[in-house]
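There are 2 protein chains.
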Amino acid sequence: MALQYDEIVRSGLSRQVADLIRAAILDGRLAVDERLPNEEELARRFGISRPTVREALKVLAAQNLIRSRRGPTGGNFVIRPEPEGVARAITDAATLLVGVGSFGSDEIVLARVETESLCCKLAAANRSDADLARMGEEIALQRQDGLTDEDFCASDVRFHRALVTATGNGPLRLMMYAVIESFIPITNMLIYREHERRRTADSHERIMMAIADREGDRAAALMRSHLDGLRSVLDTALERRAAAASARHSEGGDDR
Amino acid sequence: MALQYDEIVRSGLSRQVADLIRAAILDGRLAVDERLPNEEELARRFGISRPTVREALKVLAAQNLIRSRRGPTGGNFVIRPEPEGVARAITDAATLLVGVGSFGSDEIVLARVETESLCCKLAAANRSDADLARMGEEIALQRQDGLTDEDFCASDVRFHRALVTATGNGPLRLMMYAVIESFIPITNMLIYREHERRRTADSHERIMMAIADREGDRAAALMRSHLDGLRSVLDTALERRAAAASARHSEGGDDR
DNA sequence: GTTTATATATTTGTCAAACCTATTATTGTT
DNA sequence: AACAATAATAGGTTTGACAAATATATAAAC
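Residue numbers (our numbering), protein chains in the order written: chain F, 38 to 293; chain P, 38 to 293.
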């Protein structure tokens, strides 16, 4: 093998600094809530300028690893990663992937059917009364008159999230948020007519009842048919939308 | 309601600019592969300085929304979000959550057992011959002598990933990568003794066979017992580790 | 004429030294 | 003791410049 010319530094300085600090955070050399040296000091230690340090810090902040406060007691602090923040980041990313067409809607629906029916089983085993109450609230809301489509969709999402939460499993919940949320843009296309809303709320209630009765398999089966019903409605909606989109595109003029 | 004093600008300039550009990307006003105006031009348009613009751009780059190239044809470009990149980001975040103790190892194992046995069923239905071949390769590798612990673990991860890929479901694969990978730090603690390695490889093979035979339920059951076996090994390892950790912590000495 | 070297323009990357602003601790006054 | 002015600290922003990378055009060599 030829001489290994001591790994050329091809990445930028700010990138390197960000990587160094990130590594320090990830392997615990920088503890949660610990304060980094101030920016000037960091610049001096790394032998680079403050703007470059700041670019690195901004990157870390964007990755939810640090946050900064001003003032005497301020500085850049390592923050404790919370599932909520991570869930939001995952959701955003997943939504983007869906939006750009990386996944087909059929794939998404299938993933959702399978994972949510799984959640039903776990929820039946582990649900608390508070979980049931949360689901019940949303069902009641879904039966109110005069709800906008957005409100109905939002309540639908909250119901499914409550169901996932009822599994009592953190990692699963993290994953499921992404699946459920990234499904929203598609779900929002549906026009929920009156009787479809009622059917949806009824499905939700049957699922909730089964979970309340600790009958996981029944709940899972109900969820399957619920989402399958949704899929058929979705298919027709997608066709309508595709037709509309192709018509829209021909007026055209994409930029570059 | 009191007067809504036209939302005070409390967030920093770079934050605002990042939000504006991100919004433009997410709702399609900036298309994939489109080039943003150069940094000087952006600074002029937003009425701020270039370093501030750069901080905003760095944030977007950290979120995998843009990438930058130097030179005449260079600039900052909107990039197509790829599942791979998103999966890596999710994995990193999930790993961090695990590392900081947001999730218990029992939760993680349960999530993994349930989701992977689900994947077995789907894989049995959808697997291609190429998928089987990939799994077979890893099993063969796992039976080789002289493998380091790291190599064995890596092969284990690749086997499970191949299994997930065999489901043919993109969103599911995205989720599962996070579960499997974030499990690594825990898995790596195990010392795979010779006969445990053999048992693992045997389990893998039985699972693969069931999937090859399109027998999803059998594959799922095998996966369950495989991971349950892992769990019992893990429990004893965790106890050993907890004891070691409490001993280690008392010697202290972090940097600053 | 084709290839190779060189110059040049463009754009991101980095630097330096300031100044601005939010936040807190201190100090002094009432 | 309570409160207001003040100073100190550290992040936020600006300005203007130079360095490095890279594509393109141009000139030289074969």
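Note that the Cβ used here is the ideal one computed from N, Cα and C, for glycine as well.
- Query: So, are the CB atoms of Val216(P) and Arg149(P) less than 8 Å apart?
  - Reply: Against a cut-off of 8 Å, the Cβ pair of Arg149(P) and Val216(P) comes out as a contact.
- Query: If you run the structure through DSSP and keep just helix, strand and coil, what is Asn206(F)?
  - Reply: The DSSP-derived three-state label of Asn206(F) is coil.
- Query: Would you say Val216(P) faces chain F, with C-beta separation under 8 Å as the test?
  - Reply: Contacts with chain F at 8 Å (Cβ-Cβ) include Val216(P).
- Task: Starting from the Cα of Ala55(P), find the closest Cα among Ser192(F), Glu76(F), Glu92(F) and give me that residue.
- Result: Minimum Cα distance to Ala55(P) is reached at Glu92(F).
- Message: Measuring only the C-alpha atoms, how far is Arg106(P) from Ala99(P)?
- Response: Near 15 Å, if we compare the C-alpha coordinates of Ala99(P) and Arg106(P).
- Item | Residues that DSSP places opposite Gly112(F) in a beta bridge | Beta-bridge pairing links Gly112(F) to Arg106(F).
- Query: With DSSP run on the structure shown, which of helix, strand or coil describes Arg251(P)?
  - Reply: In the structure shown, Arg251(P) sits in coil (DSSP, three-state: anything other than H, G, I, E or B).
- Task: Please report how far the alpha carbon of Ile244(P) lies from the alpha carbon of Ile221(P), in whole angstroms.
- Result: CA-CA distance, Ile244(P) to Ile221(P), rounds to 20 Å.
- Name the DSSP beta bridge partners of Arg72(P), please? Looking at the DSSP assignment, Arg72(P) forms a beta bridge with Phe114(P).
- Query: Of all Cβ atoms in chain P, is any one closer than 8 Å to the Cβ of Leu155(F)?
  - Reply: With 8 Å as the cut-off, Leu155(F) counts as an interface residue toward chain P.
- Query: Listed in chain order, which residues of the stretch 103-121 of chain P have Cβ atoms closer than 8 Å to some Cβ of chain F?
  - Reply: Within the stretch 103-121 of chain P, those residues whose Cβ lies closer than 8 Å to any Cβ of chain F are, in chain order, Arg117, Pro118, Glu119, Pro120.
- Query: In chain order, what residues of the same chain lie with their CB nearer than 8 Å to the CB of Arg261(F), ignoring the 5 residues before and after it?
  - Reply: Exclusion of the five residues before and after Arg261(F) leaves Val150, Ser154 as the residues of its chain whose Cβ lies within less than 8 Å of its Cβ.
- Message: Let me confirm a value: Ala167(P) is counted as buried when at least 16 other C-beta atoms fall within 10 Å, else exposed. Which label applies?
- Response: So Ala167(P) ends up on the exposed side.
- Message: Let's see if you can read the secondary structure: which residues bound the alpha helix (DSSP H) around Arg180(F)?
- Response: Careful: Arg180(F) lies outside any alpha helix (DSSP H) and carries neither H nor E.
- Task: Anything in chain F within Cβ reach of Arg91(P), meaning under 7 Å, just list it in chain order.
- Result: Counting only Cβ-Cβ distances below 7 Å, Arg91(P) has contacts in chain F at Glu92, in chain order.
- Task: Taking Ile127(P) and Asn113(P) to be in contact with their CB atoms under 8 Å, please state how far apart those CB atoms are, rounded to whole angstroms.
- Result: About 24 Å separates the Cβ atoms of Ile127(P) and Asn113(P), ruling out a contact at the 8 Å cut-off.
- Task: Compare the C-beta of Thr273(P) against all C-beta atoms of chain F and say whether one is closer than 8 Å.
- Result: Residue-level contact by beta carbon fails for Thr273(P) and chain F, as no gap is shorter than 8 Å.
- State the start and end residues of the unbroken alpha helix (DSSP H) segment that holds Arg59(P). Element bounds for Arg59(P): 50-63.
- Query: Gly289(P) to Glu218(P), Cα distance in whole Å?
  - Reply: Here the model assigns Gly289(P) a pLDDT of 32, short of 50, so the residue's position is not dependable, and the following value carries that caveat. Taking the Cα positions, Gly289(P) is about 29 Å away from Glu218(P).
- Task: Within its chain, find whatever has a CB closer than 7 Å to the CB of Ser287(F); leave out the 5 residues flanking it on each side and keep chain order.
- Result: Unreliable positioning characterises Ser287(F) in this predicted model, as indicated by a pLDDT of 39, which lies under 50. The coordinate reading is nonetheless provided below. Nothing listed; no residue qualifies.
- Item | Cross-chain neighbours of Asn206(F) in chain P, by beta carbon under 7 Å | Within chain P, the residues near Asn206(F) are Glu144, Leu147, Ala148.
- Task: Would you kindly check if the distance between the Cβ of Thr204(P) and the Cβ of Arg195(P) is under 8 Å?
- Result: By the CB criterion at 8 Å, Arg195(P) and Thr204(P) fall outside the cutoff.
- Distance CB(Gly207(P))-CB(Glu144(F)) smaller than 8 Å: Contact annotation: Gly207(P) and Glu144(F) have beta-carbon atoms nearer than 8 Å.
- Query: Is the CB-CB distance between Arg236(P) and Ala199(P) below 8 Å?
  - Reply: With contacts defined as CB atoms closer than 8 Å, Arg236(P) and Ala199(P) fail to qualify as a contacting pair.
- Message: I'd like to know whether the C-beta of Gln100(F) is nearer than 8 Å to at least one C-beta of chain P.
- Response: Gln100(F) counts as touching chain P.
- So, helix, strand or coil for Asn163(P), using DSSP? Taken through DSSP and simplified to helix, strand or coil, Asn163(P) comes out as helix.
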